[in-house]
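Asks: A single structure is presented below for examination.
Residue numbers (the working numbering), protein chains in the order written: chain A, 43 to 192; chain B, 342 to 984.
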């Protein structure tokens, strides 16, 4: 994302410091991460110290300070999925991808996150890859599902 | 659309809209809630549109993606109007039959109907299905009737009549009084009387006041608020405008999680539509009352569901709680008097205004009035969103509405209130759903998550699960919460992995007491509840983990082993092929053996072993039997005729 686009987002919020979180969310949703340059530009335009921006960017889960992989894997660890065996699905996914929740592999193929309820508990355990739902998983089927993403 | 200038104009537009609708006109409504979409509702809607076009029926039949009727277990759910025929688990390939038989020839397709698991009777209409019959759906009942993206749909079913009524026939004080009389209590979890909160904000000094919808629904396994906001956003908005009028606010916020993109989209659209109609903005319906609403997306922090953290976040800061008092009703957003209510609370407001406080409070118990929405999930047959009258017993919810436990398993406990709540065992299943009664048995009403557990669920592990969640979500501001929860997590992890020590239970109880007494906000204060309630009812299971290194539910991975009973193994190779760790030794006519060193305990072999063999077993607290010597493993598979 170039400087101009970031400026547009900031202008949309009238450059108000109170909109900091909303501005970061918009940059994040365009770029899927927050680069150092982007944060510095926001700091400068809003006249907010970088420490406060860092505080916010690390406090809230929606923000990532590293680039994301091609495939976003979300394993639901909501209670309903959990009692139906979600941790076994997560174990399998970690084994196949070689990464832990919150991480991205070196080839930038997968980013793995756990989420706390996707609201489709009837299908649990559930995993969402790039917005596509895969429900009623078992360890073996989750492995097969992952292998469909290149 | 010119802005409406009077309540009469609203009524006439409502009549005009209604007159254009033919109640006898066939309409195919497909649930487009998250559960059904995940189950393929999008493809079903597309297939209906294509088929209707192919048959040239566009002019005669409507197809609608509607709100969640709640029966997620059997999604995608399709209801055909005007007959109200309800089809479940509809697939794109069923669409041709539905259009040609049900729409054109008015014939019911038997195979898509609900079949009662015990009586085998088929139910044609939604209202005949026990899941629905035992509910009281005053709030979510409209979901299936409206397209959430259409304000006209909401107007036709009587939307914004309550708003017109308060603006022109009631003073703000009368509105507050009405809500007080209704005895509505906050649906977000704590159950504070809504009218009292409104009165506090109304009486607080100051000209600038705010109203806020708390839609930062964060409990894992709970999705009531999302369903409302996604599926009937105008009902929440109408409640909010009424509340603003009552307390004297001219600005409001809807604080919604960014993880709910559809809710953000639909509520944003609803605000725009209401503005166009003159139901929001300046001089609403010509009443001189001004009110505007902004949607604020939460950035993913569970603690922001706590009202003071939510306010911090709204102000663009890190969501850490403030000390109370002062309470938000006197000193809230930007230091001004603020009323924060949960989504479901706001959605109840128009009902109270329209039907009257007395009608509202005629449902429920002495201390808890009206209905409550729960997301009934976990080990239960009919997973879904249910709305029940207060006072119904937990047993009725789980066994009548929920259809009991799947797979003939035994009920163990139900967890209410999410990470702040507790587990309720069989002995207390006849407890009525009521704020005070649930607290008495060690749980809480909470926002509405209801997770059913069967004999295979380990209560110690469930406590560990919630505490782990809270370890991640504690904001870290105050020490008792940050450290207390972390230490409880360390002990619980040790117990569930076989490293529990004598005295761990006492240590947990001590930590729980300190954390709940000394934490700054409700997150920390309620964090020990999952631990304390499981200790109260399942202490023996804790002791089995600690003393015998045994998990009675056969669930804790480190305490169990998988073993193949050589007497039962038919050497069918199914588990051997499915094992991703290559931990099963065997072959054709060779009894299979689990290599305990390689086994990752994923449980696949246990699940795939045909039930008629039942050879794979889970064991805990005892040594794994030695494998048969290799020379004795040859077996001749039972002839198929025996099966």
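Yeah, the Cβ is synthetic: ideal placement off N, Cα and C, and Gly gets one too.
Taking C-beta pairs closer than 9 angstroms, name the residues in chain A that residue 561(B) reaches, listed in chain order.
Replies: Within chain A, the residues near residue 561(B) are 118, 119, 120, 121, 122, 123, 124, 157, 158, 159.
Asks: What's the gap between the Cα of residue 744(B) and the Cα of residue 99(A)?
Replies: Those two C-alpha atoms are separated by around 45 angstroms.
Asks: Taking 8 angstroms as the threshold (beta carbon to beta carbon), is residue 382(B) in contact with chain A?
Replies: Chain A contact via Cβ: absent.
Asks: How is the alpha helix (DSSP H) around residue 592(B) delimited, first residue to last?
Replies: Where residue 592(B) is concerned, there is no enclosing alpha helix (DSSP H), although the beta strand (DSSP E) it sits in stretches over 592-598.
Asks: Residue 637(B) lies in the beta strand (DSSP E); which residues open and close that run?
Replies: Segment 633-639, the beta strand (DSSP E) holding residue 637(B).
Asks: Taking Cβ to Cβ, would you say residue 403(B) is nearer than 8 angstroms to residue 368(B)?
Replies: A contact, by the Cβ cut-off of 8 angstroms.
Asks: Return the chain-ordered list of same chain residues with a C-beta closer than 8 angstroms to the C-beta of residue 451(B), the five sequence neighbours on each side being excluded.
Replies: Counting only Cβ-Cβ distances below 8 angstroms, and skipping sequence neighbours, we find 463.
Asks: Measuring only between beta-carbons, confirm whether residue 810(B) sits less than 8 angstroms from chain A.
Replies: Answer yes: the Cβ-Cβ gap between residue 810(B) and chain A drops below 8 angstroms somewhere.
Asks: Cβ of residue 845(B) within 8 angstroms of Cβ of residue 832(B)?
Replies: Yes, the Cβ-Cβ distance between residue 845(B) and residue 832(B) is below 8 angstroms.
Asks: At which residue ranges does the segment 661-747 of chain B contain complete alpha helix (DSSP H) runs of 4 or more residues, listed in the order of the chain?
Replies: Those alpha helix (DSSP H) runs which fall completely within the segment 661-747 of chain B and span 4+ residues are 684-696, 698-702.
Asks: Is there at least one Cβ from chain B nearer than 8 angstroms to residue 149(A)'s Cβ?
Replies: No, no contact with chain B.
Asks: By how many angstroms is the C-alpha of residue 408(B) removed from the C-alpha of residue 568(B)?
Replies: The straight-line gap from Cα to Cα measures roughly 8 angstroms.
Asks: Give me the Cβ distance between residue 670(B) and residue 587(B), rounded to the nearest whole Å; I'm assuming they're in contact under 8 angstroms.
Replies: About 13 angstroms; that fails the 8 angstroms criterion.
Asks: Have a look at 110(A), 127(A), 92(A), 63(A) and flag the residue whose alpha-carbon is nearest the alpha-carbon of residue 163(A).
Replies: Checking every option, the nearest Cα to that of residue 163(A) belongs to 127(A).
Asks: Could you tell me whether any Cβ in chain B is nearer than 8 angstroms to the Cβ of residue 61(A)?
Replies: Chain B, which has a Cβ nearer than 8 angstroms to the Cβ of residue 61(A), makes this yes.
Asks: According to the Cβ coordinates, are residue 708(B) and residue 624(B) closer than 8 angstroms?
Replies: Cβ distance not < 8 angstroms, so residue 708(B) and residue 624(B) don't count as in contact.
Asks: My output table needs one value for residue 553(B): the three-state DSSP class, helix, strand or coil.
Replies: Note: residue 553(B) maps to strand in three-state DSSP.
Asks: What separation, rounded to the nearest whole angstrom, lies between the Cα atoms of residue 70(A) and residue 674(B)?
Replies: In a straight line, the C-alpha of residue 70(A) is about 26 angstroms away from that of residue 674(B).
Asks: Just checking: is the beta-carbon of residue 554(B) within a distance shorter than 8 angstroms of some beta-carbon in chain A?
Replies: Not an interface residue.
Asks: Enumerate in chain order the residues of its own chain whose CB-to-CB distance from residue 982(B) is below 8 angstroms, with the five nearest sequence positions on each side excluded.
Replies: Only weak support exists for where residue 982(B) lies, its pLDDT of 43 falling under 50; the value from the coordinates is given anyway. The answer is none, since no qualifying residue turns up.
Asks: Buried or exposed: where does residue 789(B) fall if 16 or more other Cβ atoms within 10 Å of its Cβ makes it buried?
Replies: By the neighbour-count rule (16 or more Cβ atoms within 10 Å), residue 789(B) is buried.
Asks: Could you list which residues in chain A have their beta carbon closer than 9 angstroms to that of residue 794(B), in chain order?
Replies: 125, listed in chain order.
Asks: Output, in chain order, the set of chain B residues within a Cβ distance shorter than 7 angstroms of residue 97(A).
Replies: Neighbours of residue 97(A) on chain B, chain order: 659.
Asks: Could you tell me which of 811(B), 505(B), 878(B) sits nearest to residue 349(B), measuring between CA atoms?
Replies: Among 811(B), 505(B), 878(B), the Cα nearest to that of residue 349(B) is on 505(B).
Asks: Establish whether the CB of residue 984(B) and some CB of chain A are separated by less than 8 angstroms.
Replies: Low confidence applies to residue 984(B): its pLDDT is 41, below 50, so where it sits in the model is not reliable enough to give any reading.
Asks: When DSSP labels each residue in this structure, what does residue 874(B) get in the three-state scheme?
Replies: Of the three classes helix, strand and coil, the one that applies to residue 874(B) here is helix, per DSSP.
Asks: At 8 angstroms on the CB atoms, spell out the chain A contacts of residue 756(B), in chain order.
Replies: What residue 756(B) touches in chain A: 121.
Asks: Using 8 angstroms as the threshold, is the C-beta distance between residue 742(B) and residue 476(B) below it?
Replies: In this structure, residue 476(B) lies closer than 8 angstroms to residue 742(B) by Cβ.
Asks: In angstroms, rounded to a whole number, what distance separates the CA positions of residue 984(B) and residue 934(B)?
Replies: For residue 984(B), the predicted model reports a pLDDT of 41, less than 50, meaning its position is unreliable; a value from the coordinates is still stated below. Going by the C-alpha atoms only, they are around 23 angstroms apart.
Asks: At a cut-off of 7 angstroms, would you count residue 362(B) as near the ligand ZN, judging by its Cβ distance to the nearest heavy atom?
Replies: This structure does not include the ligand ZN; it has no bound ligands of any sort.
Asks: If contact means a Cβ-Cβ distance below 9 angstroms, which residues of the segment 641-655 of chain B contact chain C?
Replies: Of the chains in the structure shown, none is chain C; the protein chains are A and B.
Asks: Taking the C-alpha atoms as reference points, what is the distance between residue 346(B) and residue 423(B)?
Replies: Rounded to whole angstroms, residue 346(B) to residue 423(B) spans 34 angstroms at the Cα level.
Asks: List the residues of chain B that residue 185(A) touches, going by C-beta distances under 8 angstroms, in chain order.
Replies: The contacting residues are 921.
Asks: My output table needs one value for residue 152(A): the three-state DSSP class, helix, strand or coil.
Replies: It is a strand residue.
Asks: Per DSSP, what are the beta-bridge partners of residue 415(B) in this structure?
Replies: BP columns for residue 415(B) are empty, so no partner.
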